[in-house]
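Undergrad: In this note's numbering, the protein residues as written are 8 to 130.
#1: Could you give the first and the last residue of the continuous beta strand (DSSP E) run that contains residue 73?
#2: If you drop the 5 nearest sequence neighbours on each side, which residues of the same chain put their C-beta closer than 7 Å to that of residue 17?
#3: Please report the residue range of the alpha helix (DSSP H) in which residue 86 lies.
#4: How long is the line joining the alpha carbons of residue 48 and residue 121, rounded to whole angstroms?
#5: Give me the residue from 38, 12, 80, 82 with the minimum Cα distance to residue 19.
#6: On the CB-based measure, 16 or more other CB atoms within 10 Å of its CB, does residue 26 come out buried or exposed?
#7: Do you know whose CA, among 94, 51, 55, lies nearest residue 45's CA?
#8: Who are residue 128's beta bridge partners in DSSP?
#9: Per DSSP, residue 109 is paired with what?
#10: Just the Cα atoms here: how many angstroms apart are residue 119 and residue 103?
#11: Under 8 Å by Cβ, that's how I've got residue 71 and residue 123 pegged, so tell me the actual separation to the nearest angstrom.
#12: Where DSSP assigns a beta bridge to residue 24, which residues make up the other side?
#13: Give me the Cβ distance between residue 22 and residue 41, rounded to the nearest whole Å; I'm assuming they're in contact under 8 Å.
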């Protein structure tokens with residue numbers, strides 16, 4: 008048996024960060040949510056039950072956390088940095104799909120969240 012596609016998901020990661028265009032956003036900060044989908048081949052881990060054949064969720068989380076701690080003006084830039092970091096640090100990850108959402112954004116509208124989504128693939 009062969010899997011056609013394999014994905015590792017981390018959904019709803021919550022962070023308090025200081026991303027934003029307005030000075031108050033970088034001073035006060037806001038709540039953000041990150042959803043990740045990593046395309047990889049974990050067939051070895053599936054067969055052997057060994058962590059060495061897959062990507063550690065904890066290690067992925069630590070990389071995302073480190074990037075979220077670096078203030079940026081634009082969510083687009085943060086998403087790019089996170090994807091680049093994951094592709095650089097995990098050679099067995101072939102593609103990263105990421106959504107980054109700011110909760111309760113300061114834009115004068117009744118809005119639960121705003122955000123960006125992108126898919127980056129290894130060259």
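All C-beta atoms in this analysis are idealised placements derived from N, C-alpha and C, irrespective of residue type, glycine included.
Computed from a predicted structure; not experimentally measured.
TA: Looking at the atomic coordinates:
#1: Segment 64 to 75 is the alpha helix (DSSP H) holding residue 73; no beta strand (DSSP E) there.
#2: So the qualifying residues of the chain are 43, 64, 67, 68.
#3: Where residue 86 is concerned, the enclosing alpha helix (DSSP H) stretches over 82 to 96.
#4: Between residue 48 and residue 121, the alpha-carbon positions lie close to 32 Å from each other.
#5: The shortest Cα separation from residue 19 among 38, 12, 80, 82 belongs to 38.
#6: It is buried - the Cβ of residue 26 has at least 16 other Cβ atoms within 10 Å.
#7: Of 94, 51, 55, the residue nearest in Cα terms is 94.
#8: Paired residue(s): 102.
#9: By DSSP's assignment, residue 109 forms a beta bridge with 39, 121.
#10: Straight-line spacing of the CA atoms in residue 119 and residue 103 works out to 25 Å.
#11: So it is not a contact: roughly 15 Å between Cβ atoms.
#12: Paired residues: 37.
#13: 7 Å between Cβ atoms; contact.
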